[in-house]
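K.L.:
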């Protein structure tokens, strides 16, 4: 038994929601990075970079909980890192939204493909490095 095809209005509505999701994620990420950059530059006006020696990110910015803690304290680097995390999470959220959209539409083929894509994204984010 096949389900009825989604109407044009349903498709347009889902596309609008997805566009708002992507736009909001990118704008919030850009805003966080911008504000974090301004705060960082205000607190560190002198260039302290020695290009002959590599220094990785501080220990507190290497975990998600550390990034949230630094961002809550309004540290520039923490806000920048949080913005970058949000930028990475935006397309993942789009794929996850697509899973629910295809489930709602009962489009099993696209649902299966989207779940596969989401699984690969999730795997590469957590185990791909």
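In our numbering, the protein residues as written are 633 to 761.
Note that beta-carbon positions come from the ideal geometry of N, C-alpha and C, so glycine has one too.
These numbers come from a predicted model, not from an experiment.
#1: Can you tell me whether DSSP reads residue 650 as helix, strand or coil?
#2: Please confirm whether residue 661 and residue 752 have their CB atoms less than 9 Å apart.
#3: What residue ranges within the stretch 691-754 form continuous alpha helix (DSSP H) runs of no fewer than 4 residues, ordered along the chain?
#4: DSSP state of residue 686, grouped into three classes?
#5: Is it right to say residue 691 is buried, meaning 16 or more other beta carbons lie within 10 angstroms of its own, or is it exposed?
#6: Any chance the stretch 662-673 sits against the stretch 709-725, with 3 or more Cβ pairs inside 8 Å?
#7: I need the DSSP call for residue 787, collapsed to helix, strand or coil.
#8: Take the Cβ of residue 709 as the centre, count every other Cβ of all protein chains shown within 10 Å, and call the residue buried at 16 or more, exposed below.
#9: According to the Cβ coordinates, are residue 657 and residue 722 closer than 9 Å?
P.N.:
Let's see:
#1: Against the chain shown, residue 650 aligns to sequence position 18. Helix at residue 650.
#2: Translated into the one-based positions of the chain shown, residue 661 becomes position 29. Translated into the one-based positions of the chain shown, residue 752 becomes position 120. Contact: no.
#3: 696-704, 708-737
#4: As a first step, residue 686 is located in the chain shown; it is residue number 54 there, counting from the start. Reduced to three states, the DSSP call for residue 686 is coil.
#5: For this step, residue 691 is matched to residue 59 along the chain shown. Answer is exposed; the Cβ neighbour count stays below 16.
#6: yes
#7: Nothing about residue 787 can be reported from this structure: the residues present for the chain run from 633 to 761 only.
#8: Indexing the chain shown from 1 puts residue 709 at position 77. Classification for residue 709: buried.
#9: If you number the chain shown from 1, residue 657 lands on position 25. If you number the chain shown from 1, residue 722 lands on position 90. Taking 9 Å as the Cβ cut-off, residue 657 and residue 722 qualify as a contacting pair.
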